Structure formats: C-alpha cells, structure tokens
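Asker: The structure is given below, and queries will be raised subsequently.
In this note's numbering, the protein residues as written are 415 to 631.
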C-alpha cells in the first residue's frame, strides 16, 4: 500500500468514526476519550489532526465494545496480518526472551530513510487500574528526539518507560515544553523541557494489552 493510499485509508477510518459518533447522540468524543483513559481532547485530535495516525489495538477494542462498531472498521489494513502474504511480512526477534513478532512491511511506508538495523521489538510490563499487563512494542532506535505527537520509549537509570509525548501549546512559552503521559498508571503526567528528555526510541507499533496472571505480576 503506497503512502498516499495509506493516508486516504487512515482518513476514511477517522471519517467513519466521526460520522458514527455524530449520528449517535448518546456518544461524544470527550466521554469516549475518558473511557480510553486519555485526556478529553484525545479522540478530537485523532479525528481532526490524525494524531495519533491510528489507534492502538487495545483502544480499538474498547471503542468497538462501547459503540458496537466492527473493530475491523477501525483497524488499518496493514495491521491485519491476514491481509498480506508472508512475503509482505517482516520478522523481529526479542533476543533476550527468544520471542518473535511478524508485521507488515507497509507499516514503514512513511519512513523514507528506514534503517532496518535500528528497528527492534520488546515487551514491557505495564500497570493500569491495579492490573498488570504485557504489551508488544516495535520501536525505532534511530530516533532520539521529539519529532511529533506520538508514543515513545523514555530511558531513565537503565529502565525503559512507554509514554505518549505531545507538544505543550497551553501557553506562549519561551522554551519548548513537552507533555509526558506515561502508559503505566503508576506514574503521573508531567511537563518537561524538550532538551531534558532522554528519548530511547520512537514507537512504530503498539500491540494490545495482555493481562498477566498474579504470579507474573
């Protein structure tokens, strides 16, 4: 799927979701954003600005359950493995845990200077609402600075944290501020100067949350 076709496909998904919500008076973007555990403007920014470009799998599942929309109508085709032949899939291995994930090569259409050697796969343990989950992440190690509103991995004292970074436009600031929203609810959102961020990598693919048993927490 070429880049312009990909963008048209993403736009059509957003338009369908926006139209459906406008037609259903019991639904609104603010409340749905809150049910996703996001700020009030999250879905409004997704629909109007394309930020994020597509919703992570766990969020699509929640929206599908709330709205009764088919989850496939919210999912880009290139995230559906059955949409592709094996030749269109790239494999990434998490060497430390001897696990492998396959994903469509079309996911990287927007990367004009893609360096496969810098693309890696890992799984993180995340706590949300007093439950522990694992989440699969494919990330670009070549990115070490803030590029746009998106998911990133931050590094602090050897630990890796999954966060959503967005530019702070709440006031006219002399220095560039970034809003950091940790995916793990053990940590609270905060603002920080962009130069003080220690970005490990940018997230390319964020899988769904898989609940861990108590003994794995």
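Positions of the beta carbon are idealized from the N, C-alpha and C atoms, including for glycine.
Just so we're clear, the structure is a prediction, and the values are computed from it rather than from any experiment.
#1: To the nearest angstrom, report how far apart residue 491 and residue 427 are at their CA atoms.
#2: Within 10 angstroms of the Cβ of residue 616, are there 16 or more other Cβ atoms? Answer buried if so, exposed if not.
#3: I need the straight-line Cα distance from residue 600 to residue 482, nearest angstrom please.
#4: Pick from 425, 623, 454, 453: whose alpha carbon is nearest that of residue 547?
#5: For residue 536, which beta-bridge partners are listed by DSSP?
#6: What residue from 535, 445, 568 has the CA that sits closest to residue 596's CA?
#7: Around the Cβ of residue 431, are there at least 16 other Cβ atoms within 10 angstroms (buried) or fewer (exposed)?
#8: Expressed to the nearest angstrom, what Euclidean distance is found between the alpha-carbon atoms of residue 424 and residue 550?
#9: Please report the distance separating the alpha-carbon of residue 610 from that of residue 434.
#10: Do you know offhand how far residue 641's Cα is from residue 614's?
#11: Are residue 450 and residue 473 closer than 8 Å when you measure CB to CB?
#12: First and last residue of the beta strand (DSSP E) that includes residue 570?
#13: Where do the ends of the beta strand (DSSP E) carrying residue 449 lie?
#14: Go through its chain and collect everything with a Cβ distance to residue 574's Cβ below 8 Å, but skip five positions before and after it.
#15: State the DSSP-derived secondary structure class of residue 487, mapped to helix, strand or coil.
#16: Can you tell which of 593, 460, 463, 543 has its C-alpha closest to the C-alpha of residue 625?
#17: Considering only the beta carbon of each residue, do residue 540 and residue 576 sit closer than 8 Å?
#18: Rounding to the nearest angstrom, what Cα-Cα distance links residue 468 and residue 571 in this structure?
#19: Hey, how far is the Cα of residue 583 from the Cα of residue 437?
#20: Determine the DSSP secondary structure at residue 425, reduced to helix, strand or coil.
#21: Determine the closest residue to residue 555 out of 581, 604, 594, 619, with distance taken between C-alpha atoms.
Answerer: So, from the data block:
#1: Roughly 10 Å separates the two Cα atoms.
#2: Counting Cβ neighbours within 10 Å, residue 616 comes out buried, since at least 16 surround it.
#3: Going by the C-alpha atoms only, they are around 31 Å apart.
#4: Checked all of 425, 623, 454, 453; the closest Cα to residue 547 is 623.
#5: Assignment of beta-bridge partners to residue 536 by DSSP yields 551.
#6: That would be 568, whose Cα lies nearest to the Cα of residue 596.
#7: That one is buried.
#8: Rounded to whole angstroms, residue 424 to residue 550 spans 22 Å at the Cα level.
#9: Their backbone Cα atoms lie some 41 Å apart in a straight line.
#10: The requested residue 641 is not part of the displayed model; the chain covers only 415 to 631.
#11: With a cutoff of 8 Å on beta-carbon distance, residue 450 and residue 473 are scored as near each other.
#12: If you look at residue 570, you'll find it in the beta strand (DSSP E) that goes 564-570.
#13: Residue 449 -> not in any beta strand (DSSP E); alpha helix (DSSP H) instead, spanning 443-449.
#14: Once the five neighbours on either side are set aside, the close Cβ partners of residue 574 are 536, 538, 567, 568, 614.
#15: Of the three classes helix, strand and coil, the one that applies to residue 487 here is helix, per DSSP.
#16: Among 593, 460, 463, 543, the Cα nearest to that of residue 625 is on 543.
#17: Residue 576 is positioned such that its CB atom lies closer than 8 Å to that of residue 540.
#18: Their backbone Cα atoms lie some 31 Å apart in a straight line.
#19: Between residue 583 and residue 437, the C-alpha separation is close to 31 Å.
#20: Under the three-state reduction of DSSP output, residue 425 falls in the helix class.
#21: Nearest C-alpha to residue 555: 619.
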